[in-house]
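Structure first, then comments.
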Amino acid sequence: MKTVHKFRLECGGALNSLKLRKGFRLVHSEYLVTEKAVFVWIEVPLDLSLPEVQLKLRVFRTGEAIPRNFSYLSSAVDGFGPEAYHIYSLEAQDLVMGQVA
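Terminal number for the sequence shown in this note's numbering: 82, no gaps in between.
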């Protein structure tokens, strides 16, 4: 079995660290105007025998410098403003199609 969890991401250079079960995958990202924040929805297995891993995400704005050790996952667009937010993972060499190898 599996489920989907919703996470609010901090912007402004903050590193967001999520503890997830191995085998997770990002299924959706969105900028919610009512919250003025970026959210991601991540599918996670419910199998408690799977080890936990940390996913480290950072949100970058368009035009912002992105270090080489970050890999692109998704974007979220403010439908009522000129902003787009780009979600990158740190140490993404361990991610394959949104799943931890």
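The C-beta atom is built at its ideal place from N, Cα and C for all residues, glycine as well. Since this is a predicted model, take the numbers as computed values, not measurements.
V(-15) and D59 have their alpha carbons spaced roughly 23 Å apart. Around the CB of Y53, fewer than 16 other CB atoms lie within 10 Å, so the residue is classed as exposed.
Three or more beta-carbon pairs drawn from the region 30 to 39 and the region -3 to 10 are found closer than 8 Å, and the two stretches are therefore classed as touching. Under the DSSP assignment, A65 falls in the beta strand (DSSP E) whose first and last residues are A65 to L71. By alpha-carbon distance to F(-12), the top candidate from M(-18), L(-4), V19 and Y66 is V19. Contact check for V40 against I23 fails: the beta carbons are separated by 9 Å or more. The straight-line gap separating the alpha-carbon atoms of C(-8) and S70 is approximately 13 Å. Scanning its chain for C-beta atoms nearer than 8 Å, with the 5 sequence neighbours on each side dropped, one finds around N(-3) the residues F(-12), L(-10), E(-9), K37, L38, R39 and V40, in chain order.
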